[in-house]
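Visitor: Residue numbers -19 to 560, in the numbering used here, belong to the letters of the sequence shown in order.
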Amino acid sequence: MFQRTLQHILLTSSVVILNPTTFCTFAKQAHHSAPRHFPFGHFYSDSRNNSFLNQQFKSFTKLNRKYYSSNSNTKLQDYMFPKEGLPLVNPDTSKLSAMDLCKSQLGDNFFQSVKGMKILDKSAFNVKVIFPCVIVKEADMRNVVYMLKSYQLKLRQVSPVMEYDKACIVSDTKDNLTKSKTIEQIKSDSDNKETLNVEESPNDKKRIILLNPNQVAKYDDFGTENIAKLETANVGPSSFAFVELPLTYTHFSAEEILEAILPNDVAVSSFTAVGHIVQCNLREELKDYRHIVGQVLLDKLPTCKTVVNKAHNIDNTYRNFEMELLAGEDNMITTHKENKCTFKMDFSKVYWNSRLSTEHERVVKDIQKGDLVLDAFAGVGPFVIPGAKKGAIVFANDLNPHSYEWLKQSLALNINPRKVLHTPFTATNKDAREFLQTDARVAINEWARKNTDPNARIRILMNLPARAVEFVQYLKMLKREEYKQLKQEPLLYLYCFLPKMNLETKERIHCTHAAAELLKEHGVEFDGESMTPYFVRNVAPNKDMYKILIRLGEKLMVSEKREGDVEGQEEGVKRAKCDE
-19 MFQRTLQHIL LTSSVVILNP TTFCTFAKQA HHSAPRHFPF GHFYSDSRNN
31 SFLNQQFKSF TKLNRKYYSS NSNTKLQDYM FPKEGLPLVN PDTSKLSAMD
81 LCKSQLGDNF FQSVKGMKIL DKSAFNVKVI FPCVIVKEAD MRNVVYMLKS
131 YQLKLRQVSP VMEYDKACIV SDTKDNLTKS KTIEQIKSDS DNKETLNVEE
181 SPNDKKRIIL LNPNQVAKYD DFGTENIAKL ETANVGPSSF AFVELPLTYT
231 HFSAEEILEA ILPNDVAVSS FTAVGHIVQC NLREELKDYR HIVGQVLLDK
281 LPTCKTVVNK AHNIDNTYRN FEMELLAGED NMITTHKENK CTFKMDFSKV
331 YWNSRLSTEH ERVVKDIQKG DLVLDAFAGV GPFVIPGAKK GAIVFANDLN
381 PHSYEWLKQS LALNINPRKV LHTPFTATNK DAREFLQTDA RVAINEWARK
431 NTDPNARIRI LMNLPARAVE FVQYLKMLKR EEYKQLKQEP LLYLYCFLPK
481 MNLETKERIH CTHAAAELLK EHGVEFDGES MTPYFVRNVA PNKDMYKILI
531 RLGEKLMVSE KREGDVEGQE EGVKRAKCDE
C-alpha cells in the first residue's frame, strides 16, 4: 500500500507538501522503502518553523544539538533536511562497540593485563584506536552531516563531529599509517597539504566527521552513487583521512569492563535496580571479585548510588534477605518508580522484585474503576497503589510491619485524598488468614450491598509463590446468602511455583492439572475448568513462576460453619515472600 502511494507521488509531483504531524512518519517509511529512488531532499513541510515540527525532526534524526549550537539563528532541521543534496544510500547503522573495536585493531588479547584484576585500575583501559574520517569545510557541514548520517561513528561517549584543530591525523590511508601528527604539524608539512586538503586561509574553518570503521575503510567504500553526492558538497578523496583517538575507561560499558576483568569461565549473571540501589546475586566463584563488580556497576549505571549483594542467610519470617554492601553509599532507603507510581521503602527490610514489574502492570490493567481489590500479601503496594489510582476500592494486608509502614508512606506519595474520596484504601498488618476471614469478608459484604455496577468485580491477590496455596482454603468466608449477593464470580490471582513446562495448548492442560494437584495437597479441590494458568517467569533451571487465575464459585467461598473468629491459627504465620 505504501509503495503504491509512493510511486503515485513520484509520478505526479516533484514537490510534496505534508502536514507536520505526518511528515516524519512518512519520511522515515519512504527512506527505508525506496532509498535509491526517492527524492528525499524534495520533501518540505508547510510549517518548517513550527515548534512541533522542530521537535518531530529532532526525534526522527536523533542528531545531537550541541554540535550545531554556535549559530543561534540556525534551526535544527536546517542540518537535518538541507535544501541541496540528497542522503546517501542507507548502509548498516549498527552501533559500534568499544570492545569489538579494540579487538579488531589491537587483537583479542589487548586487555590481557587486566584479566583477574581485583582492585580496579581505570588507567589499564587507556588505549589508542584509529577511525576513518572526512574533513569538511564549515560552509558544507549542513549537507555533509546529513549525507553521512548513516555512516557516522556511533560509539559510547564519543562525539561523531569534532573540532578540526583538536584532531590528531595519522594518515590519509589506512595502509600507510605514519607517526601521529597533530593538525598544527601537518599544516607546517607542505608534503601533506594536498593529501589532507589543508587550505592556507586561516578563515576557512573545518570540522571532522568520524566514520564507522566497520563500514568505511577507504573513500571508495562509499560507492559510486554516494561519491557523486558527496562531491556536490566538496567532499572528495583528498577529504578522507584517519584520525587517532584515545579510549579510556569511560568509553566501555559495564558488560565490556567485566568481560575483560573476570575469568573466562565466570560472568555476572544478572542484577536489578530498585531506585538508586543495584542488587546483585553473585555466585560463589565471583566472591573474590564482588567489590570490583560493585565498583564497575556504580561507575557505569547512571542512577546507581549503592550496590549490594544478596547474602545466603534469609530472614525466615519475612523473606527480606541479608545483604552485603559492595560499593557506594550505605543507604537502603530508596524511592522507586513503576507503573506511573512512586514507592518509598527500606530495601533491607521489605520485599521488592523489579523483575516482576511486567506482571504488576498486567494485573493493574485488569483492575477497573469500582472493583474491590483484596491483596493478602501486598508488600509496599505494587499492585494495589496503581489499582487505587484507577479508582478501585482497596484492602491491602501484609504481615511485615515494615512493609505495612512503607505501604502507607507510598500511598501518601501517590493518592491525594481530596481527589480520590470515592476510592477508599485500607491497609492492615495482620496474618493473611485472619485478614481473609475478617477484614476481607466484611469488605466483600459491604461492597456487595453498595455496588451498582454489573461489570465491577472482586479481585483477590495472593502473590506469595512459595506458600500462597496454603491460604486458598481460608477463602471459605461467606454464608450462602452473602455469596448470592455478588453479581459476578470473584477472581483469584494465585501465584505459585510449578515444574518447568511449555505452555502450548497440550502443555497448558498439564499445567492446570499440576496446579490442581498442588491445591488438593492443601485441602482445596475443584475442577480445572475454572482455572487458567499464565507463565510469569523462570526462577530456576527446572522451576517456573505461574499465575493461576481462578473463578471463585460457591464451593470455594461458602462455609456453612463460618464463625466470626479464626480458630486454630498457628502462631506467627511466616511471610514467605520468595520467588527464587
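Note that beta-carbon positions come from the ideal geometry of N, C-alpha and C, so glycine has one too.
Cα separation between A372 and K500?
Guide: Going by the C-alpha atoms only, they are around 32 angstroms apart.
Visitor: Should M325 and V360 be called a contact, given that it needs their Cβ atoms to be closer than 7 angstroms?
Guide: Yes. Within cutoff.
Visitor: Just verifying my parser: in three-state terms, what is the DSSP assignment at C476?
Guide: Three-state result, C476: strand.
Visitor: Does the stretch 348 to 366 touch the stretch 276 to 294, meaning 3 or more C-beta pairs lie closer than 8 angstroms?
Guide: Segments in contact, no.
Visitor: Hey, quick one: how far does the beta strand (DSSP E) through G308 stretch, first residue to last?
Guide: Per DSSP, G308 belongs to the beta strand (DSSP E) from F301 to G308.
Visitor: Name the residue from H316, G367, I115 and L262 whose alpha carbon lies nearest to the alpha carbon of S218.
Guide: The candidate whose alpha carbon is nearest that of S218 is I115.
Visitor: Specify the secondary structure class of A78 as computed by DSSP and reduced to three states.
Guide: Correct three-state label for A78: helix.
Visitor: Near K280, which residues of its chain fall below 8 angstroms by C-beta distance, leaving aside the five closest residues on each side in sequence?
Guide: Within the same chain, K280 has close Cβ partners S233, A234 and I237.
Visitor: Whole angstroms is fine: what's the gap from R517's alpha carbon to L225's?
Guide: For R517 and L225, the distance between alpha carbons rounds to 44 angstroms.
Visitor: Measure the Cβ-Cβ separation of L498 and V452 and say whether it is below 7 angstroms.
Guide: No, Cβ-Cβ distance for L498 and V452 is not below 7 angstroms.
Visitor: Would you mind stating whether L227 and A78 have Cβ atoms separated by less than 7 angstroms?
Guide: A contact, by the Cβ cut-off of 7 angstroms.
Visitor: I need the DSSP call for Y514, collapsed to helix, strand or coil.
Guide: Strand.
Visitor: Classify I189: buried if its beta carbon has 16 or more other beta carbons within 10 angstroms, exposed otherwise.
Guide: Classification of I189: buried, given that the 10 Å Cβ count is 16 or more.
Visitor: Whose C-beta lies closer than 8 angstroms to the C-beta of C491 among residues of the same chain, with five residues either side of it excluded?
Guide: Taken in chain order, the residues that qualify are L478, M481, L483, P513 and Y526.
Visitor: Note down the Cα distance separating D319 from T338, rounded to an integer number of angstroms.
Guide: Asp is not the amino acid found at residue 319; the sequence shown has Asn there. Cα to Cα, the separation comes out at about 9 angstroms.
Visitor: Determine the extent of the alpha helix (DSSP H) in which M127 is found, giving its start and end residues.
Guide: It spans M121 to M127 - the alpha helix (DSSP H) in which M127 sits, taken as one unbroken run.
Visitor: Return the chain-ordered ranges of every beta strand (DSSP E) run that is complete within the stretch 254 to 290 and spans a minimum of 3 residues.
Guide: DSSP runs (the beta strand (DSSP E)) wholly in the stretch 254 to 290: 257 to 260.
Visitor: Could you tell me which of V124, Y229, S84 and Q132 sits nearest to V94, measuring between CA atoms?
Guide: Here the closest residue by C-alpha is Y229.
Visitor: What does the Cβ neighbour count give for G255, buried or exposed, with the cut at 16 atoms within 10 Å?
Guide: Buried is the call here.
Visitor: Quick check on D355: does DSSP put it in helix, strand or coil?
Guide: Here D355 sits in strand by DSSP.
Visitor: Can you have a look at S250 and say buried or exposed, based on whether 16 or more other CB atoms are within 10 angstroms of its CB?
Guide: The residue in question, S250, is exposed, as its Cβ has fewer than 16 Cβ neighbours within 10 Å.
Visitor: Please work out which residues of its chain come closer than 7 angstroms, Cβ to Cβ, to G367, disregarding the five sequence neighbours upstream and downstream, and give them in chain order.
Guide: Excluding residues within five positions, the ones whose Cβ falls inside 7 angstroms are V344, I347, V353 and V374.
Visitor: Anyone know if the C-beta pair for V223 and A104 falls short of 7 angstroms?
Guide: Not closer than 7 angstroms, so no.
Visitor: Can you find a C-beta in chain C that's less than 7 angstroms from the C-beta of E239?
Guide: Although the question refers to chain C, the structure presented lacks it and comprises just one protein chain.
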